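Below is one structure, written out as structure tokens, with a few remarks after it.
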Amino acid sequence: MMRRTHPALSAWAWLVYAFLYLPIIVLVVFSFNDSRFGATWAGFTTKWYGVLFARADVREALAHTLEIALISTLVSTVLGTLVGLGLWRYTLRFRTALTGLLVLPIVVPDVVMGVSLLMFYSFVRQGLERAGWTFDNGFWTVLLAHVTFQISYVALTVRSRLAGYGPELEEAARDLGASGWESFRRVVLPLAMPGVLAGALLAFTLSLDDFVVTYFTSGSGFSTLPVLIYTNVKRGVTPDINALSALLVLVTVVAIVAANALLRPRRDA
Amino acid sequence: MLTVRRFFATLGPGVLWLTVFLIVPALVMLGYSFLTRTDLAQVGAPWTLESWQRVFGYDALFQEWTGDNVRVLWRSVWVATLSTALCMLMGYPLAFYIARQDARRKNLLLLLLIIPFWTNFLIRVYAWILILRPFDLVPSLTATLLGMVYAFVPFFVLPVYSSVEKIDWRLLEAADDLGAPPVRAFLSAVFPQTLPGLVAGILLTFIPALGTFVVSDILGGAKTALVGNLIQNQFGQAGDWPYGSALSFLLMGAVLLGLWAYARVAGQKGLEELV
Numbered sequence: 001m002m003r004r005t006h007p008a009l010s011a012w013a014w015l016v017y018a019f020l021y022l023p024i025i026v027l028v029v030f031s032f033n034d035s036r037f038g039a040t041w042a043g044f045t046t047k048w049y050g051v052l053f054a055r056a057d058v059r060e061a062l063a064h065t066l067e068i069a070l071i072s073t074l075v076s077t078v079l080g081t082l083v084g085l086g087l088w089r090y091t092l093r094f095r096t097a098l099t100g101l102l103v104l105p106i107v108v109p110d111v112v113m114g115v116s117l118l119m120f121y122s123f124v125r126q127g128l129e130r131a132g133w134t135f136d137n138g139f140w141t142v143l144l145a146h147v148t149f150q151i152s153y154v155a156l157t158v159r160s161r162l163a164g165y166g167p168e169l170e171e172a173a174r175d176l177g178a179s180g181w182e183s184f185r186r187v188v189l190p191l192a193m194p195g196v197l198a199g200a201l202l203a204f205t206l207s208l209d210d211f212v213v214t215y216f217t218s219g220s221g222f223s224t225l226p227v228l229i230y231t232n233v234k235r236g237v238t239p240d241i242n243a244l245s246a247l248l249v250l251v252t253v254v255a256i257v258a259a260n261a262l263l264r265p266r267r268d269a
Numbered sequence: 001m002l003t004v005r006r007f008f009a010t011l012g013p014g015v016l017w018l019t020v021f022l023i024v025p026a027l028v029m030l031g032y033s034f035l036t037r038t039d040l041a042q043v044g045a046p047w048t049l050e051s052w053q054r055v056f057g058y059d060a061l062f063q064e065w066t067g068d069n070v071r072v073l074w075r076s077v078w079v080a081t082l083s084t085a086l087c088m089l090m091g092y093p094l095a096f097y098i099a100r101q102d103a104r105r106k107n108l109l110l111l112l113l114i115i116p117f118w119t120n121f122l123i124r125v126y127a128w129i130l131i132l133r134p135f136d137l138v139p140s141l142t143a144t145l146l147g148m149v150y151a152f153v154p155f156f157v158l159p160v161y162s163s164v165e166k167i168d169w170r171l172l173e174a175a176d177d178l179g180a181p182p183v184r185a186f187l188s189a190v191f192p193q194t195l196p197g198l199v200a201g202i203l204l205t206f207i208p209a210l211g212t213f214v215v216s217d218i219l220g221g222a223k224t225a226l227v228g229n230l231i232q233n234q235f236g237q238a239g240d241w242p243y244g245s246a247l248s249f250l251l252m253g254a255v256l257l258g259l260w261a262y263a264r265v266a267g268q269k270g271l272e273e274l275v
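Chains as they are written, first to last, in full-length UniProt numbering: chain A, 1 to 269; chain B, 1 to 275.
This is the structure in structure tokens:
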């Protein structure tokens, strides 16, 4: 049922929206500002985009970001989907403990997760060195860390997608002669699929976006875009970083609008 | 019945992964908090309680209780509380506004809310430098607070919105019919129905606000350090891992205690719905 909204409520809502969009608009505007120091407007230019594309470190960080995001999403989607299915399928004695384990990466502050992994890696590295192995690769440490925080999101998305269906579905398939694998592939997986895809999308975005955990686990010599942006920002505002940020905002907007259009339930013609 | 074989076919790999990369690192961290710093970022014997004493305000250099770090902890709690309150002030009415639009507009407004939410966190915080610098507000505690409210408002609106969506408005009409003045009717018939979303929103805002170091690092500056900055510093310049571990453990403990209390009230289902 529709109710009219009070004018004060509408005004407040639009103020909040203005607040949410002000920094994004400022960022995009200043990425076209022909001034080394962003605070004043000195005319329109696209030169910062040129400067940005010429930077080898930006291209390298972009490649790292995408590699990590793709591989970690793949791994965490498989592991997380299996956990989600297990949560749905079995009545578990240790359900509370398992929920706790899954909730942990979501609620524990990223800084805590980052530093504990940093210490864990250092601990393992020392052990390996004593055994004569060397292990110093930012790619792997970051990849393993990303999968760790992604698993929970995938598992919980898959589980909540299946929550409406009873395990009888699987039993029915088995009664009709399907093998365990067949009933999984032809009954359970298709039902879970929207959850799997949503979980994978979420995992991918979380990986693209992550700064804190990557920062602590990457070591020196390996950086992703967020880490690169951070080190640049710490050195002072540079206009090419405005350009990079504006591009990332654009990518986000396009991705969300596309996902929204794809996921929206189709209306009958 | 869950047999060992079926366990390893479904839950096993994920549980094993989380144990290795979540539980074991937490235990390593706990162990390190009782060790001594031997060199920059190096730890070793003897085992000691010193880091834990420092967390609670003991100054190892002057060998007295000065409470310096307790002040940082206190400031962190205070800033997180204030930013949560401001998020509530902005977000609670907004959730109602969105929920009461027709389907098309609702969808559009949610989309507009999600776009900043999914835009890289670092970029959103960084953008405030551009806005606040002309006012000479970077670095300052005000800038940190503003940045936090900005970054966490969507976390607050979304759970409240899903509560508002489920409201049974007939209760409001009933209160109205029974002659309750509008404010009273709202408080007794509508507000209680939004409590689950409100509590989830508060937790989802307060926890990241308590733990963040990015916002205060970029917008705050050294004088307004929060517990996250203190931790980051121990793993950077200061290179004191035992102290950093103890601080991290304290932060994690505080968050888990809060969630445990929430789970006691809201139950298992509430905890699952939170995430």
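From the three backbone atoms N, C-alpha and C, an ideal C-beta is built for every residue, glycine too. Fair warning: this is a prediction, and the values are worked out from it, not measured in the lab.
Query raised in the report: Run through DSSP, which three-state label would residue 33 of chain A get?
Result: Stepping through the first sequence from its first residue, residue 33 of chain A is reached at position 33. In the structure shown, residue 33 of chain A sits in a strand (DSSP, three-state: E or B).
Query - Members of the stretch 248-260 of chain A near chain B, C-beta cut-off 9 Å - result: 248, 249, 252, 253, 255, 256, 257, 260
Query raised in the report: Exposed or buried, what is residue 190 of chain A when buried is set at 16 or more other beta-carbons lying within 10 Å of its beta-carbon?
Result: As a first step, residue 190 of chain A must be located in the first sequence, where it is residue number 190. Exposed: under 16 other Cβ atoms inside 10 Å.
Query raised in the report: With a Cβ-Cβ cutoff of 8 Å, do residue 160 of chain B and residue 103 of chain B count as a contact?
Result: Your numbering for residue 160 of chain B matches position 160 in the second sequence. Your numbering for residue 103 of chain B matches position 103 in the second sequence. Result no, Cβ atoms of residue 160 of chain B and residue 103 of chain B do not sit closer than 8 Å.
Query raised in the report: Hey, quick one: how far does the beta strand (DSSP E) through residue 119 of chain B stretch, first residue to last?
Result: By one-based count along the second sequence, residue 119 of chain B stands at place 119. Premise fails: residue 119 of chain B is in no beta strand (DSSP E) and is neither H nor E.
Query raised in the report: For residue 36 of chain B, which beta-bridge partners are listed by DSSP?
Result: Residue mapping note: residue 36 of chain B aligns to position 36 of the second sequence, counting from 1. DSSP output for residue 36 of chain B lists B:44 as bridge partner(s).
**Report entry** Helix, strand or coil at residue 215 of chain A according to DSSP, with G and I counted as helix
**Finding:** Position 215 of the first sequence, counting from 1, holds the residue named residue 215 of chain A. Helix.
Query raised in the report: From residue 269 of chain A to residue 107 of chain B, what does the alpha carbon distance come to, in whole angstroms?
Result: Residue mapping note: residue 269 of chain A aligns to position 269 of the first sequence, counting from 1. Residue mapping note: residue 107 of chain B aligns to position 107 of the second sequence, counting from 1. Here the model assigns residue 269 of chain A a pLDDT of 35, short of 50, so the residue's position is not dependable, and the following value carries that caveat. In a straight line, the C-alpha of residue 269 of chain A is about 20 Å away from that of residue 107 of chain B.
Query raised in the report: For chain A, is any of its Cβ atoms less than 8 Å away from the one on residue 10 of chain B?
Result: Walking along the second sequence from the start, residue 10 of chain B turns up at place 10. It does: the Cβ of residue 10 of chain B has a partner Cβ on chain A nearer than 8 Å.
Query - chain B within 8 Å of residue 165 of chain A, Cβ atoms only - result: For the purposes of this step, residue 165 of chain A is taken as the residue at position 165 of the first sequence. Taking Cβ atoms only, chain B never reaches closer than 8 Å to residue 165 of chain A, which makes this a no.
Requested in this report: Please confirm if residue 18 of chain B has its CB atom under 8 Å from at least one CB of chain A.
Outcome: Position 18 of the second sequence, counted from the first residue, corresponds to residue 18 of chain B. Closer than 8 Å: yes.
Query raised in the report: Name the chain A residues whose beta carbon is nearer than 7 Å to that of residue 243 of chain B?
Result: Residue 243 of chain B sits at position 243 when you count from the first residue of the second sequence. The contacting residues do not exist; residue 243 of chain B stays about 11 Å from chain A at best.
Requested in this report: Determine which residues share a DSSP beta bridge with residue 65 of chain B and list them.
Outcome: One-based indexing of the second sequence puts residue 65 of chain B at position 65. Looking at the DSSP assignment, residue 65 of chain B forms a beta bridge with B:58.
Query raised in the report: What is the residue span of the alpha helix (DSSP H) that residue 15 of chain B lies within?
Result: Here the question's residue 15 of chain B lines up with position 15 in the second sequence. Unbroken alpha helix (DSSP H) run through residue 15 of chain B: 11-18.
Query raised in the report: Going along the chain, which residues of the stretch 159-188 of chain B sit with their C-beta nearer than 8 Å to a C-beta in chain A?
Result: 169
Requested in this report: With DSSP collapsed to three states, give me the class of residue 123 of chain A.
Outcome: Position 123 of the first sequence, counted from the first residue, corresponds to residue 123 of chain A. Three-state DSSP puts residue 123 of chain A in a helix.
Query raised in the report: Is it right to say residue 62 of chain B is buried, meaning 16 or more other beta carbons lie within 10 angstroms of its own, or is it exposed?
Result: Numbered from 1 along the second sequence, position 62 holds the residue referred to as residue 62 of chain B. Exposed, since its Cβ has fewer than 16 Cβ neighbours within 10 Å.
Query raised in the report: What is the C-beta distance between residue 36 of chain A and residue 239 of chain A, in whole angstroms, given that I count them as a contact (C-beta under 8 Å)?
Result: For the purposes of this step, residue 36 of chain A is taken as the residue at position 36 of the first sequence. For the purposes of this step, residue 239 of chain A is taken as the residue at position 239 of the first sequence. 7 Å between Cβ atoms; contact.
Query - Spatial distance of residue 172 of chain A from residue 96 of chain A (CA atoms) - result: Within the first sequence, residue 172 of chain A is the residue found at index 172, counting from 1. Within the first sequence, residue 96 of chain A is the residue found at index 96, counting from 1. Their Cα atoms are separated by approximately 28 Å.
Query - Buried versus exposed call for residue 69 of chain A [16 or more other C-beta atoms within 10 Å across all chains shown] - result: To locate residue 69 of chain A, count along the first sequence from 1; it is residue 69. Buried, by the Cβ-count rule.
Query raised in the report: Quick one: complete beta strand (DSSP E) runs, 3+ long, within the stretch 24-101 of chain A?
Result: none
Query raised in the report: Beta carbon of residue 21 of chain B: closer than 7 Å to some heavy atom of the ligand MG?
Result: This structure lacks the ligand MG; in fact it carries no ligand of any kind.
Requested in this report: Have a look at residue 4 of chain B and residue 139 of chain B and give me their C-alpha separation to the nearest angstrom.
Outcome: What you label residue 4 of chain B is simply residue 4 of the second sequence in a count that begins at 1. What you label residue 139 of chain B is simply residue 139 of the second sequence in a count that begins at 1. Each residue's Cα considered, the two are about 56 Å apart.
**Report entry** Cβ neighbour criterion (16 or more within 10 Å) applied to residue 88 of chain A
**Finding:** The sequence position of residue 88 of chain A within the first sequence is 88, counting from 1. Result: buried.
**Report entry** Buried or exposed by the 16-neighbour rule on C-beta atoms within 10 Å, applied to residue 49 of chain B
**Finding:** By one-based count along the second sequence, residue 49 of chain B stands at place 49. When all chains shown are included, residue 49 of chain B counts as exposed.
Report task. Determine whether the Cβ of residue 90 of chain B lies closer than 8 Å to any Cβ atom of chain A. Result -> Translated into positions along the second sequence, residue 90 of chain B becomes position 90. Yes, residue 90 of chain B lies at the interface with chain A (some Cβ there is under 8 Å from its Cβ).
Query raised in the report: Does DSSP put residue 192 of chain A in a helix, a strand or coil?
Result: Indexing the first sequence from 1 puts residue 192 of chain A at position 192. In the structure shown, residue 192 of chain A sits in a helix (DSSP, three-state: H, G or I).
Requested in this report: Reducing DSSP to helix, strand and coil, say where residue 104 of chain A ends up.
Outcome: If you number the first sequence from 1, residue 104 of chain A lands on position 104. Here residue 104 of chain A sits in helix by DSSP.
Query raised in the report: Nearest to residue 91 of chain A by alpha carbon, out of B:109, B:7, B:126?
Result: The sequence position of residue 91 of chain A within the first sequence is 91, counting from 1. It is B:7.
Query raised in the report: Taking residue 255 of chain B as the reference, which of B:211, B:142, B:225 has the closest Cα?
Result: Residue numbering aside, residue 255 of chain B sits at position 255 when the second sequence is read from its first letter. Considering only alpha carbons, the answer is B:211.
Query raised in the report: Quick one: is residue 1 of chain A near chain B, going by C-beta distance under 8 Å?
Result: Indexing the first sequence from 1 puts residue 1 of chain A at position 1. With a pLDDT of only 44 at residue 1 of chain A, under 50, the local geometry of the prediction cannot be trusted, and the value read off the model is given with reservation. Chain B contact via Cβ: present.
Report task. Under 8 Å by Cβ, that's how I've got residue 126 of chain B and residue 233 of chain A pegged, so tell me the actual separation to the nearest angstrom. Result -> Translated into positions along the second sequence, residue 126 of chain B becomes position 126. Translated into positions along the first sequence, residue 233 of chain A becomes position 233. About 5 Å separates the two Cβ atoms, so the contact holds.
Requested in this report: Note down, in chain order, each residue of its chain lying with its Cβ closer than 6 Å to the Cβ of residue 267 of chain A, except the 5 sequence neighbours on either side.
Outcome: Sequence index remark: in the first sequence, residue 267 of chain A carries index 267 (1-based). Bear in mind that the predicted position of residue 267 of chain A carries a pLDDT of just 49, short of 50, making it too unreliable to give a figure here.
Query raised in the report: So residue 195 of chain A and residue 158 of chain A are in contact, right, with Cβ under 8 Å, and what is the actual spacing, rounded?
Result: Here residue 195 of chain A refers to the residue found at position 195 when the first sequence is read from its first residue. Here residue 158 of chain A refers to the residue found at position 158 when the first sequence is read from its first residue. Correct: roughly 4 Å between the Cβ atoms.
Requested in this report: Count the CB pairs spanning the stretch 240-253 of chain B and the stretch 23-33 of chain B that are closer than 8 Å, and state whether there are at least three.
Outcome: yes
Requested in this report: Report the residue from A:152, A:13, A:251 whose alpha carbon sits nearest the alpha carbon of residue 200 of chain A.
Outcome: By one-based count along the first sequence, residue 200 of chain A stands at place 200. Residue 200 of chain A has its Cα closest to that of A:152, out of A:152, A:13, A:251.
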